[in-house]
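Protein chains in written order, with this note's numbering: chain A, 156 to 268; chain B, 5 to 117. A quick write-up on the structure given underneath.
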Amino acid sequence: SQKIEQNSEALNIQEGKTATLTCNYTNYSPAYLQWYRQDPGRGPVFLLLIRENEKEKRKERLKVTFDTTLKQSLFHITASQPADSATYLCALGIPTGANNLFFGTGTRLTVIP
Amino acid sequence: DTGVSQNPRHKITKRGQNVTFRCDPISEHNRLYWYRQTLGQGPEFLTYFQNEAQLEKSRLLSDRFSAERPKGSFSTLEIQRTEQGDSAMYLCASTLTGDTEAFFGQGTRLTVV
């Protein structure tokens, strides 16, 4: 069966440390993968997109890697801040007619001051 | 343009009633998606429009659900004869093309009592 698993429901880290979130998938062949941030009661907000032929993408304090052999993406937030506390969702982009996104269940990150 | 707009933000209805939600996408985006999100889960794809054509519907979308996008602008999602299991956050997203970032609205939180 098809699965998208994010490493844990919740992750607590100390301010200033690097947070690493994991997204593993099975029985999918995504053309790209996206990461979104979601705050309580709000819609997801796009952060980064990485395509299947790319190994790594960076944006400010964010870095995402994509390993299609391992079927895994890692999402890093360096120098984490309490304002980074949120749920982070990975989403696989599947090249069907709709090109819709298949989301993981998310990891709730809490950065402790 | 202020992004994707959804109305209402919250809706409480009695079981068996019909409800309708509205989504106004970003004006130049021709692709519009509806998702449903329950607590602790990622968004699940419901249906997709390219301009005014509804091109794909998920098996999650029972006969009680119908969506329209007249003239390829705003979209409505109607749920007839609501059930308690319909309680969820209904999210709308729009994109410019099929493999770029999705812009989500703030969602409509439906509670069926």
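Glycine included, each C-beta is placed from N, C-alpha and C at the ideal position.
Contact annotation for Q227/A against chain B: no contact, minimum CB-CB distance about 17 angstroms [criterion: below 9 angstroms]. Contact check for A246/A against F230/A fails: the beta carbons are separated by 8 angstroms or more. Counted as a single uninterrupted DSSP element, the beta strand (DSSP E) harbouring A71/B occupies residues F69 to E72. Three or more beta-carbon pairs drawn from the stretch 13-22 of chain B and the stretch 78-85 of chain B are found closer than 8 angstroms, and the two stretches are therefore classed as touching.
Boundaries of the beta strand (DSSP E) around I159/A: K158 to Q161. Only those residues of the stretch 68-96 of chain B whose C-beta falls short of 9 angstroms from the nearest C-beta of chain A are listed: M93, L95 and C96. For S235/A, the number of other beta carbons within 10 angstroms of its own is at least 16, and it is reported as buried. Within chain B, the C-beta atoms nearer than 8 angstroms to that of Q189/A come from E105 and A106, in chain order. In the three-state reduction of the DSSP assignment, K212/A falls in the strand class, which pools E and B. Here DSSP, grouped into helix, strand and coil, assigns K15/B to strand. Between the beta-carbon of R35/B and that of Q54/B there is about 6 angstroms, and that keeps the pair under the 8 angstroms contact cut. At a cut-off of 8 angstroms, the C-beta of P47/B has a neighbouring C-beta in chain A. Residue range A57 to K61 is occupied by the beta strand (DSSP E) that includes K61/B. Taking 8 angstroms as the cut-off, the Cβ atoms of R40/B and A92/B count as close. Segment contact: the stretch 178-188 of chain A against the stretch 59-73 of chain B, fewer than three CB-CB distances shorter than 8 angstroms; contact not assigned. Where E48/B is concerned, the enclosing beta strand (DSSP E) starts and stops at E48 to Q54. Here L244/A is not near Q169/A, since their CB atoms are 8 angstroms or more apart. In the structure shown, K218/A falls within a strand segment according to DSSP collapsed to helix, strand and coil.
DSSP places S91/B outside any beta strand (DSSP E), giving it a letter other than H or E.
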